Structure formats: structure tokens, C-alpha cells
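Residue numbers (the numbering used here): 2 to 309.
For every residue, glycine included, the Cβ atom is placed at its ideal position computed from N, Cα and C.
Quick caveat, the model's predicted, so the values are computed rather than measured.
Everything on this sheet refers to the single structure shown next.
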């Protein structure tokens, strides 16, 4: 409940930012224009963002015949979560990662990379899928899309305001409710940074919630905890070719290998997420190198069957 309240407050602050920008830009009329822009962008995102992101990563839909084990895992998690069976897509990248998308549970998609299937054992893949199903259950896809779209609207409005101030538009007068040129310049610098911080806070809060909810769907937190540990190690060696605007969608930050991007991560530290998960159960004993190699061999065999 605390996460839900925090998310509501942060989205309200983001809305207030948009209204503030509109007021500085054009008084009451500017506020209406800003709201219409944000509403239009959210409408487009709601209906088309899933198709855009799947195409962006060249994801291909998998059939039950191609990936029977993967479908069996998702079906089991769907029953546990009380959700419709989502579509399953495979992203042809070696970097291990996953995300969920879709405008609602009835149109949900779970996408995993080829690399994730190559390195994870069954329990770890189940943990990752459970985390993504938790995002669907908690409506995090919609919340994340709204937050990202509102942040994008703030960026657009701030850019427009900056050019207006540079070329002498100056915004509406103080009498009309605007802030003049000085207010426009200050807003164009501060608002995008504030929007980015708010979006990151929303995303981090939802990741913690999805970890907890997903562990419940899987029946144990250990598979997801091991998967996050492995994802953290592999993400440094196999950086993903990802668009920063979609970073918040993935189970781990695909930009974590880039030092500058990691300063503004949309995800909580992996160590914290693993510690929270293992706080509810005893950590498993360390896995030997031979056991891990065996798991990866079985995972690769699953991918080979899927690729046939």
C-alpha cells in the first residue's frame, strides 16, 4: 500500500509540473494546452507503445510448439497470479534481460532475450517471468508509460519554452498568470531534471513491489534472487543495445554498464533487491562452478529447441 500511495503522490507532482510549465508558458490558456499535449501523448502511448518497443528490439513471438517449457512456466505463473495468459516474445540479443508490455492484462506481452534463456536455469527463468507477471498484475506497465510520457511532455514543453525565451517570446505576462522570460528560462532548466528524478523514483518503487509480488507467484524468492545476481554479473560483460527511453521497462537496467547512465538509474541497486528478497527466506548454499555450468547447459538446450 505504501508503494501505491507513493506512486500516486509522485504522479500528482508530475501533473503539477506540467500545469506549472503551462502557466509560465501562457497563463490559463497555457495550462490547458499543456494538459492537452500530455493527454494526447498518453493516449498514443496507451495504444501503441507496446508495438513500438517490440519492433524496436526486433522481438519475435514464440509459439507453444517452439518453446514448450517457457509456455509451461508462464501458464503456471498466470494461474498463480489470476491473470490471462500473455503473449511471449523472444528478443534476439545475447545480453540477458526481460520486460513486460501491453496496455492491460488482457493484452500483455512478456519478452525475454535469447541471452537470458542461455544462462538461466528453470528456477531462475521462472523468477524472472514471475517478476514480469507481477508488473502486469500491479498495472506497472500503464503507470510506467504514463510517467515516461508525462516526463516526455515536460521535456517538449521545456524545450519550446527555452526557444521562446531565446527568441524574445517571453511567455505570457505576469498579469496573465505567466512568469515572463526569466520564469521560462528557469523552468526550462529545472523542470526536465525534476521530471527525470520523479520518473526514476516511480520506477524504483515499482521494481521493489514487482520483486515481492513475483516471489509470491513463483512460490519462493530464491529463483529471482539468483537470477538478479546473475543478471548483475552478466550485464557488465554483455552490455545491451538499448534505447534509454525504454530502460525503465527491463528487469535490470540495460544501461548499467555505462557509468554516466548508471548515475541516473531507473532501477534500485541489485544488492538491495536481492537482500530484500532473501530477507524472507534463507539464502541457498553457494552454487559450485560445475553446477552453474550444468544449469547453463540445460538452459542452452532449451534455447536450441526454441530456435529449431
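- For residue 124 and residue 54, the gap between their C-alpha atoms comes out near 27 Å.
- Per DSSP, the continuous beta strand (DSSP E) segment holding residue 111 begins and ends at 110 to 114.
- Among the bridge pairs identified by DSSP, residue 107 is matched with none.
- According to the DSSP assignment, residue 96 belongs to no beta strand (DSSP E), since it is labelled neither H nor E.
- Under the three-state reduction of DSSP, residue 214 is assigned to helix.
- Around the C-beta of residue 254, 16 or more other C-beta atoms lie within 10 Å, and the residue is accordingly described as buried.
- Non-local C-beta neighbours of residue 147 in its own chain, meaning closer than 8 Å and more than five positions away in sequence, comprise 12, 43 and 46, ordered along the chain.
- Secondary structure remark: continuous alpha helix (DSSP H) runs of at least 4 residues inside the region 34 to 93, in chain order: 69 to 82.
- Secondary structure note for residue 123: its alpha helix (DSSP H) is the uninterrupted segment 123 to 138.
- Cβ-Cβ separation between residue 215 and residue 103: approximately 17 Å, too far for a contact (criterion under 8 Å).
- For residue 271, the enclosing alpha helix (DSSP H) begins and ends at 271 to 279.
- Judged by DSSP in its simplified three-state form, residue 101 adopts strand.
- In this structure, the CA atom of residue 99 is about 27 Å from the CA atom of residue 194.
- When the five nearest sequence neighbours on each side are left out, the beta carbons in the same chain lying within less than 8 Å of the beta carbon of residue 277 are those of 209, 212 and 213, in order along the chain.
- The C-beta of residue 116 has 16 or more other C-beta atoms within 10 Å across all chains shown, which makes the residue buried.
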